[in-house]
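Student: Have a look at the structure that comes next, please.
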Amino acid sequence: MDAEAVREKALKDSNTSLPDSVQVRMMREAQSRIDAAEASLKAVKRRCKLISEFMGATSKYYKIKENIRIQGVRLQWIREQMPPLEAELKEAQVSEGSSSARTNKRTLGDDGGDGGDDKAQERSAKKKKRHHQAGSPSRDSSSLTQA
383 MDAEAVREKA LKDSNTSLPD SVQVRMMREA QSRIDAAEAS LKAVKRRCKL ISEFMGATSK
443 YYKIKENIRI QGVRLQWIRE QMPPLEAELK EAQVSEGSSS ARTNKRTLGD DGGDGGDDKA
503 QERSAKKKKR HHQAGSPSRD SSSLTQA
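According to our numbering, the sequence shown is numbered sequentially starting from 383.
Right under this line is the structure:
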């Protein structure tokens, strides 16, 4: 029988055949069990609150710890990718060096020392001149009258 039920029974049965001293003892025992249950409930609530506060305070730590672990995995993957990338880069540099050594083509420089820019401008001017002459009506009409 729980403490609250015993207490209620003792209060309702005031004209019981038990002596007053026994009734008082039963009431005290019931009250002490009620007090113990309330103290236990209070301790459980306090403990629950402290655990919740601790979890809230440490959740950021665990998130950071997980992020550090993930960064370690990424770093390891990058380290594994470096040798193939370095080999590919060296291969590209070797093939670029050998192809430029084999060709005799002149490359255009920024300083224009090889005259490439002048020749390109000259070609562009000639092309414009030909295009303009081909589309002029005086030339077209003179060629028609002569024929």
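Think of the CB as a built atom: it goes at the ideal place given N, C-alpha and C, for glycine as much as any other residue.
So what does DSSP say about Pro-401, is it helix, strand or coil?
Tutor: Here Pro-401 sits in coil by DSSP.
Student: Assuming contact is defined by CB atoms lying nearer than 8 Å, are Glu-435 and Ile-416 in contact in what I supplied?
Tutor: Not closer than 8 Å, so no.
Student: Is DSSP giving Asp-384 helix, strand or coil here?
Tutor: Coil.
Student: Label Ala-412 either buried or exposed according to how many other C-beta atoms from any shown protein chain fall within 10 Å of its C-beta, with 16 as the threshold for buried.
Tutor: When all chains shown are included, Ala-412 counts as buried.
Student: Taking the CB atoms as reference points, tell me whether Val-388 and Met-408 lie closer together than 8 Å.
Tutor: Yes, the Cβ-Cβ distance between Val-388 and Met-408 is below 8 Å.
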